[in-house]
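There are 2 protein chains.
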Amino acid sequence: MPPASASGASKRPRSAARKRNAADTKTRILDAAEALFIEQGFVATSLRAITSRAGVNLAAAHYHFGSKEGLLGAAFHRRVEPLNATRLEALDALLAEGHPPDARELMRAFLEPLAGVDPESPMPRLVGRLFGEPDAVARPLLEREFSEVAARFFAALREALPDQSPEVIRWRFYFVVGAMIHLLAFDKPPVPLEPPVDPADGIEQLIDFAVNGLDPHAESVRDV
Amino acid sequence: MPPASASGASKRPRSAARKRNAADTKTRILDAAEALFIEQGFVATSLRAITSRAGVNLAAAHYHFGSKEGLLGAAFHRRVEPLNATRLEALDALLAEGHPPDARELMRAFLEPLAGVDPESPMPRLVGRLFGEPDAVARPLLEREFSEVAARFFAALREALPDQSPEVIRWRFYFVVGAMIHLLAFDKPPVPLEPPVDPADGIEQLIDFAVNGLDPHAESVRDV
DNA sequence: CTTTCAGTCAAACGACCGTTTGAAAGTCTA
DNA sequence: TAGACTTTCAAACGGTCGTTTGACTGAAAG
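Residue numbers (this note's numbering), protein chains in the order written: chain A, 58 to 281; chain B, 58 to 281.
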């Protein structure tokens, strides 16, 4: 009987030597799946391509992850959990300062973790990719992984922008997310020709753009 | 011998009665393909589902469009061509006024055609959907259909915002496109919970957001 | 009427899909 | 060593895929 979809973190640590091979198999499958999902998308990627690239047997994917969707969920969760943790950590640090949060600091807490330490990290592109998948595939995952973080940042934005109506803040936060996804999903975006590609630079540009869009009359924009 | 991918507009008008049925078949295939591409995406939609919904034979899709990709190109082009025409018309009208264009008017010319006359039109969602498809499918189409319009609006934005560097304008226009795509692709976007859904309202909100993000110190924002 | 040909149709092509099976191999416990 | 597991493996399951074929239809052209 296969473990199918386990929580992943709290497995009984009965043995170390035995599990190492199995854990290695799981990791290799996740790595291959992630790379191919980013390159081709979820629907267009076959389990055979994944297991072939990982150098493991086809059935191992089902044994460890239960199904192709389970594999996507695991690959996505592996990258999103640290991202969410970093974001919420930064948000909590801002809120702990006592005074109402600043919109620019909020956007920095929300967007800067995407720049990441490793510019080769596939995490941002995996996140961006998922937003383009068919609704039946992507919707439950996005809801599960992001709803809490989105709700907390939205609440903080309402505090930071007391002069804006909640509806306007909701719209504009929604647009920021759209711009973010667009930045993450494309290496060489097709619409503006010859676009810049340095992801860290893009995040900085996006923070400026987001703050301007959210609160155009904050005169501190250029002085901070 | 099938016509495969014809230009569509300049066919020899030898007969009217005979072609009417063929044109009707093509339209029905395009309508069904469009609806299913929007619902499920390109890769996840089969030609059998399309022709079944259209009530035509499976082979008719290949006869009229050459391949599944050819069908996507035709369905996309059918919606994008009027959109591009409307956008360029509005842009030309602005440029014909003699003075340098205003950023808000440019964004209105660029975004307002998406609100459309018919709120039931599937065009915006088809455009939004294509941005999420795997690169090999979407990239050539987006390049072909949008590069000219993007270049012309970018050039006009440079005139409208002489104080901003071309790089910054390019980034911000890129973010506006991302927010636009995000708005078009989702009925009920998953990230900000309980989002507003009226598309016409969304476009107006997006224009405000875009103008703020592009040029935060334009004091005319609230007075126009 | 006969020819011509764009268009439609049922049927099949080979390939690939996600998933399942049952046996074999490996690893720890007693 | 014997037994009880977890993990791997080759092989196959039933289906669906995009595409092609060749016969057939019916209106225009001679």
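Note that beta-carbon positions come from the ideal geometry of N, C-alpha and C, so glycine has one too.
Inset, instruction - Examine the ligand FMN and report whether any of its heavy atoms sits within less than 8 Å of the Cβ of residue 183 of chain A. - result: No copy of the ligand FMN appears in this structure; indeed no ligand is present at all.
Inset, instruction - Could you check what DSSP says for residue 153 of chain A in three-state terms: helix, strand or coil? - result: Taking the first residue of the first sequence as position 1, residue 153 of chain A is located at position 96. Residue 153 of chain A falls in the coil class under three-state DSSP.
Inset, instruction - Buried or exposed for residue 102 of chain B, please, with buried defined as at least 16 other CB atoms from any protein chain shown within 10 angstroms of its CB. - result: By 1-based counting over the second sequence, the position of residue 102 of chain B is 45. Buried, by the Cβ-count rule.
Inset, instruction - Taking 9 Å as the cut-off, decide whether the C-beta atoms of residue 183 of chain B and residue 136 of chain B are in contact. - result: Position 126 of the second sequence holds residue 183 of chain B. Position 79 of the second sequence holds residue 136 of chain B. Contact flag set, yes.
Legend entry - With 16 other Cβ atoms within 10 Å as the buried cut-off, status of residue 108 of chain B: Counted from its first residue, the second sequence places residue 108 of chain B at position 51. Buried, since its Cβ has 16 or more Cβ neighbours within 10 Å.
Inset, instruction - Counting only runs of 4+ residues fully inside the region 63-149 of chain A, write out the alpha helix (DSSP H) ranges in chain order. - result: 74-97, 104-111, 115-122
Inset, instruction - Find out if the Cβ-Cβ distance for the pair residue 132 of chain B, residue 91 of chain B is shorter than 9 Å. - result: Numbered from 1 along the second sequence, position 75 holds the residue referred to as residue 132 of chain B. Numbered from 1 along the second sequence, position 34 holds the residue referred to as residue 91 of chain B. The answer is yes: Cβ separation under 9 Å.
Inset, instruction - Consider the Cβ of residue 110 of chain A: report whether some Cβ of chain B lies at a distance smaller than 9 Å. - result: Reading the first sequence from its first residue, position 53 is the one you call residue 110 of chain A. Not closer than 9 Å to any Cβ of chain B, the Cβ of residue 110 of chain A fails to qualify, so no.
Inset, instruction - Tell me, please, whether the region 189-199 of chain B touches the region 207-226 of chain B by the rule of three or more beta-carbon pairs shorter than 8 Å. - result: no
Inset, instruction - Using a Cβ-Cβ cut-off of 9 Å, state whether residue 263 of chain A counts as contacting chain B. - result: For the purposes of this step, residue 263 of chain A is taken as residue 206 along the first sequence, with counting starting at 1. Chain B contact via Cβ: present.
Inset, instruction - Confirm, please, whether the CB-CB distance from residue 241 of chain B to residue 191 of chain B is below 9 Å. - result: Reading the second sequence from its first residue, position 134 is the one you call residue 191 of chain B. Reading the second sequence from its first residue, position 184 is the one you call residue 241 of chain B. Cβ atoms of residue 191 of chain B and residue 241 of chain B: not closer than 9 Å.
Inset, instruction - State yes or no: is the beta carbon of residue 144 of chain B nearer than 9 Å to at least one beta carbon in chain A? - result: As a first step, residue 144 of chain B is located in the second sequence; it is residue number 87 there, counting from the start. Judged by the 9 Å Cβ criterion, residue 144 of chain B is not in contact with chain A.
Legend entry - Which of helix, strand or coil DSSP assigns to residue 258 of chain B: The count along the second sequence starts at 1 and reaches residue 258 of chain B at position 201. Note: residue 258 of chain B maps to helix in three-state DSSP.
Legend entry - Alpha-carbon spacing of residue 113 of chain B relative to residue 86 of chain B, whole angstroms: Indexing the second sequence from 1 puts residue 113 of chain B at position 56. Indexing the second sequence from 1 puts residue 86 of chain B at position 29. Straight-line Cα distance between these residues: approximately 8 Å.
Inset, instruction - Report the rounded CA-to-CA distance for residue 99 of chain B versus residue 157 of chain A, giving the unit in angstroms. - result: Residue numbering aside, residue 99 of chain B sits at position 42 when the second sequence is read from its first letter. Residue numbering aside, residue 157 of chain A sits at position 100 when the first sequence is read from its first letter. Their Cα atoms are separated by approximately 46 Å.
Inset, instruction - Could you tell me the distance, in whole angstroms, from the CA atom of residue 203 of chain B to the CA atom of residue 171 of chain A? - result: Residue 203 of chain B sits at position 146 when you count from the first residue of the second sequence. Residue 171 of chain A sits at position 114 when you count from the first residue of the first sequence. One C-alpha to the other measures close to 28 Å.
Inset, instruction - Less than 8 Å between the CB atoms is what I'm expecting for residue 32 of chain A and residue 218 of chain A, so what's the real figure, rounded? - result: A question about residue 32 of chain A goes unanswered here, because the residues of chain A that appear run from 58 up to 281.
Inset, instruction - Starting from the C-beta of residue 117 of chain B, find all residues in its chain whose C-beta is less than 7 Å away, skip the five residues before and the five after it, and write them out in chain order. - result: Counting from 1 along the second sequence, the entry for residue 117 of chain B is found at position 60. Counting only Cβ-Cβ distances below 7 Å, and skipping sequence neighbours, we find 82, 86, 108.
Inset, instruction - Select from the region 82-110 of chain A all residues with a C-beta closer than 7 Å to any C-beta belonging to chain B, and list them in chain order. - result: 97, 98, 100, 101
Inset, instruction - Spell out whether any CB of chain B is found under 9 Å from the CB atom of residue 273 of chain A. - result: For the purposes of this step, residue 273 of chain A is identified with residue 216 of the first sequence, where counting begins at 1. Yes, contact with chain B.
Legend entry - residue 18 of chain A, buried or exposed, once every other Cβ within 10 Å from all chains shown has been counted against 16: Because chain A is modelled from 58 through 281, residue 18 of chain A falls outside the range shown and cannot be assessed.
Inset, instruction - With 8 Å as the C-beta to C-beta threshold (strictly closer), list the residues of the region 220-239 of chain A near chain B in chain order. - result: 224, 225, 227, 228, 229, 230, 231, 232, 233, 234, 235, 236, 237, 238, 239
Inset, instruction - Would you tell me roughly how many angstroms separate the C-alpha atoms of residue 227 of chain B and residue 167 of chain B, rounded to the nearest one? - result: What you label residue 227 of chain B is simply residue 170 of the second sequence in a count that begins at 1. What you label residue 167 of chain B is simply residue 110 of the second sequence in a count that begins at 1. Those two C-alpha atoms are separated by around 15 Å.
Inset, instruction - Pick helix, strand or coil for residue 264 of chain A, following the three-state DSSP scheme. - result: Sequence index remark: in the first sequence, residue 264 of chain A carries index 207 (1-based). It is helical.
Legend entry - Cutoff 9 Å: residue 167 of chain B Cβ touching any chain A Cβ: Stepping through the second sequence from its first residue, residue 167 of chain B is reached at position 110. So, not an interface residue.
Legend entry - As assigned by DSSP and simplified to three states, the class of residue 218 of chain A: Residue 218 of chain A sits at position 161 when you count from the first residue of the first sequence. Residue state, collapsed to three classes: coil.
Inset, instruction - Answer with buried or exposed for residue 111 of chain B, where buried requires no fewer than 16 other C-beta atoms within 10 angstroms of its C-beta. - result: Residue 111 of chain B sits at position 54 when you count from the first residue of the second sequence. Residue 111 of chain B is buried by the Cβ-count criterion.
Inset, instruction - Kindly indicate if chain B contains any beta-carbon less than 9 Å away from that of residue 259 of chain A. - result: Here residue 259 of chain A is taken as the residue at index 202 of the first sequence, counted from 1. Answer yes: the Cβ-Cβ gap between residue 259 of chain A and chain B drops below 9 Å somewhere.
Legend entry - Partner residues on chain A for residue 216 of chain B, Cβ-Cβ distance less than 7 Å: Here the question's residue 216 of chain B lines up with position 159 in the second sequence. Result: empty, since nearest Cβ-Cβ is about 16 Å, beyond 7 Å.
Inset, instruction - Helix, strand or coil for residue 178 of chain B, going by three-state DSSP, please let me know. - result: If you number the second sequence from 1, residue 178 of chain B lands on position 121. Of the three classes helix, strand and coil, the one that applies to residue 178 of chain B here is coil, per DSSP.
Inset, instruction - Answer with buried or exposed for residue 154 of chain B, where buried requires no fewer than 16 other C-beta atoms within 10 angstroms of its C-beta. - result: Reading the second sequence from its first residue, position 97 is the one you call residue 154 of chain B. Exposed: under 16 other Cβ atoms inside 10 Å.
Inset, instruction - Could you tell me whether the Cβ of residue 192 of chain A comes closer than 9 Å to any Cβ of chain B? - result: Within the first sequence, residue 192 of chain A is the residue found at index 135, counting from 1. Judged by the 9 Å Cβ criterion, residue 192 of chain A is in contact with chain B.
Inset, instruction - Please decide whether residue 267 of chain B counts as near chain A, where near means a Cβ-Cβ distance under 9 Å. - result: On the second sequence, position 210 is the one that residue 267 of chain B refers to. Taking Cβ atoms only, chain A reaches closer than 9 Å to residue 267 of chain B, which makes this a yes.
Legend entry - Burial state of residue 150 of chain A, where buried means 16 or more other Cβ atoms lie within 10 Å: The sequence position of residue 150 of chain A within the first sequence is 93, counting from 1. Per the 10 Å Cβ criterion, exposed.
Legend entry - Local conformation of residue 158 of chain A per DSSP, three classes: Along the first sequence, read from residue 1 onward, the residue named residue 158 of chain A stands at position 101. Note: residue 158 of chain A maps to coil in three-state DSSP.
Legend entry - Reference residue 88 of chain A, options A:179, A:260, A:127, closest by Cα: Position 31 of the first sequence holds residue 88 of chain A. Nearest of A:179, A:260, A:127 to residue 88 of chain A, Cα basis: A:179.
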